[in-house]
Every structure is written in structure tokens, then in C-alpha cells.
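Have a look at the structure below, then the notes.
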Amino acid sequence: MTPDTTAATTQKDTRTALVTGASSGIGAALARQLASQGWDLVLVARNRERLERIAEDLRRQHAVSVEILPQDLALPNAAQVVHTWIRQHAITVDLLVNNAGAGSSGPVIAAAEHAYESLITLNITSLTELSRLFAGDMVGRGRGQILNVASTGAYQPGPYTAVYYAAKSYVHSFSLALDMELRGTGVSVSLLCPGATATEFSSRAGKADLTTAMPAAQVARVAVQGLGRRQRLIIPGLGNRLVIVLSKILPGHWLAWMVARIQKPLLLK
Ligand SMILES: NC(=O)c1ccc[n+]([C@@H]2O[C@H](COP(=O)([O-])OP(=O)(O)OC[C@H]3O[C@@H](n4cnc5c(N)ncnc54)[C@H](OP(=O)(O)O)[C@@H]3O)[C@@H](O)[C@H]2O)c1
């Protein structure tokens, strides 16, 4: 992207990050954190007005270049649309942040027919395709980074949010595997596993937030620090790290029993 001549420092970093789900929560906080470090940005989500407001704010505060791309990533071929748009605008994406995601709540058998299709397309298909397309470009240039946002829920079965936890298990497995395939290419894949975070996520999924939810800005700060070190697994907070250690030790059906006891009371209807 064209460097902004109003940049605050003469050594302005003109690397560009594409952040999905940048219109609120963790994605908006990641965009803010990256902009504060001089990254140019492409912000993707559905809500154009929110993206415009955030972009304007970041340009003003950090003198970086910010483009917006309103796009529903739950639509088939959304990843190809994003990739084509990036090519048409001659933008080089140095960091892809696959953050956009949505949750599920309630018993599986209570869900409507096809209710999970858009969740799976958003959380799995688009993330996979965006990773494939942009990783290919990055390998061609011999450098680049991908940050995939999973969850501590990737490590447990999630009764009453079963499809969402399962989708995050996919993101976990896929990201580690892709990172291994890319070793030696100059491209790395990092996995961010936040625990409960205070965003719009829970209310959108039809459930209450845990009272222990971490601020999104804190998650973003830890994530961007980890990216700077090319850390492969980024888990914000000691409590969340302990949850993951425990999840690797305990049998799956014990974990399912414990998660059910946490998730069921959070259901709003
Ligand atoms: N909050 C938590 O407790 C928590 C914990 C662990 C992991 N995570 C993960 O963190 C990521 C961010 O979630 P958040 O907590 O920041 O929730 P959030 O505030 O609801 O943000 C979700 C973002 O994803 C975008 N999005 C949702 N559906 C989309 C679609 N169909 N197409 C394009 N963009 C879409 C939303 O924007 P638009 O509505 O404008 O499209 C929004 O920018 C998700 O992957 C989530 O699974 C969250």
C-alpha cells in the first residue's frame, strides 16, 4: 500500500495486515494494536459503517493506510472474493489474521435444519481458503505470517455450543498442520487461543458472558507481542494456559461433563 506521508516516524513500517472480523471485539482490538505499531491494514467484516468508523479512527490516530472490504465470509466463495479484491488493488498482504467467527448455543437437536451451515462456512471453510490462498502468495515471496483465531474451547468438547467448539478444534488442528507444511518457506502460522473475552460474541451466540471474561485489548496486545516473536501458540492469560494443560490431561468425557456444567447455565433461552 502507498506509505502515508503524514506518518509519525521516518522509519514507518509499511507492512500490511488483513484482519477479518475487524468491525468489533478482538478483531477491532487487533487492528488497533497493529496500527499502533505502524501496520497498514485491510479490514474485513459485514458491517460497512462500523468498518468505516474504525478505519477513520485508525488513520487519524496512527497515520497508517486503512482499506475496508465489507464482505460476508459465511457465503460460499467469500475467500476467493477477498483474495481477488486484494489482487485487483495490488496490495501485498504480509499478515493474514483469520479472526472472524461466530458461536452457537443450545442443544444440537434443537437447531433448525441447516442452521450450522453458515457457522461452518465462516469458522472453517473461509478460514481454510483464505489461509490457502494467502499462504500460497506468501510462499512465493518467501515471507509472511498467518494468525488463526481459535479458542481454549478448541481443546475440549463443548456441550450446548458443540458445533462451535468442534469448529475451533478444526482451526487448531489445521493451523498446526499448515504451519508444519510451511516450515522453511519463510511463512509461519500462529494460533491464538483466547478464553472468555468481553466482546459481542456471547450475546450474538445467544448466551451470557462469563464474569471472568478478559478485555479484548488485552487479548490483542498479547497476540501482537506473540506475532512479533513468531510464537506458534499464543494463549492470553495464565488461567487459560492452565485450562489447556488440564484439557490435555483429562479424559474427553470428563471435559464434556465439566463444559456442560459451565455452558448450560449461560444459555439465554
Ligand atoms: N469472545 C470470546 O469469548 C472468544 C473466546 C475465544 C475465541 N473467540 C474468537 O475470537 C474471534 C472474534 O470474536 P469476538 O469475541 O471478537 O466476537 P465479536 O465481537 O462478535 O466479533 C466477531 C467479528 O466477526 C465478524 N463476523 C461475524 N460473522 C461474519 C461473517 N459472516 N462475515 C464476516 N465477518 C463476520 C463480525 O463483524 P460483522 O458482524 O460486521 O460481520 C465481527 O467483526 C472469533 O473467531 C471467536 O470465535 C472469542
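Okay, so the sequence shown: first residue is 412 according to our numbering, each after it adds one.
Cβ coordinates follow ideal geometry from the N, Cα and C atoms, glycine included.
Quick caveat: nothing in here was measured; it's all calculated off a predicted structure.
The Cβ atoms of L602 and N651 lie no closer than 8 Å to each other. Comparing C-alpha distances from P481 to each of V475, A489, A474 shows the shortest one belongs to A489. Judged by DSSP secondary structure, N559 falls within the beta strand (DSSP E) whose first and last residues are 555-560. The alpha helix (DSSP H) runs lying completely inside the stretch 562-638 and spanning 4 residues or more are 573-592, 612-616, given in chain order.
In the structure shown, I645 falls within a strand segment according to DSSP collapsed to helix, strand and coil.
Around the beta-carbon of T608, 16 or more other beta-carbon atoms lie within 10 Å, marking it buried.
Annotation for A433: no alpha helix (DSSP H) segment contains it, and DSSP assigns it neither H nor E. Going by beta carbons, I479 and T427 fall outside the 8 Å limit.
Secondary structure of P481 (DSSP, three-state): strand.
In the three-state reduction of the DSSP assignment, V504 falls in the coil class, being assigned neither a helical nor a strand state.
Taking 8 Å as the cut-off, the Cβ atoms of G648 and G606 count as close.
DSSP, read as helix, strand or coil, puts L666 in helix. For V600, the CB contacts under 6 Å within the same chain, skipping 5 residues up- and downstream, are I557, S586, L589, D590 in chain order. With contacts defined by Cβ atoms closer than 8 Å, S537 and L484 form a contacting pair.
Taking C-alpha positions only, I673 is separated from V656 by approximately 18 Å.
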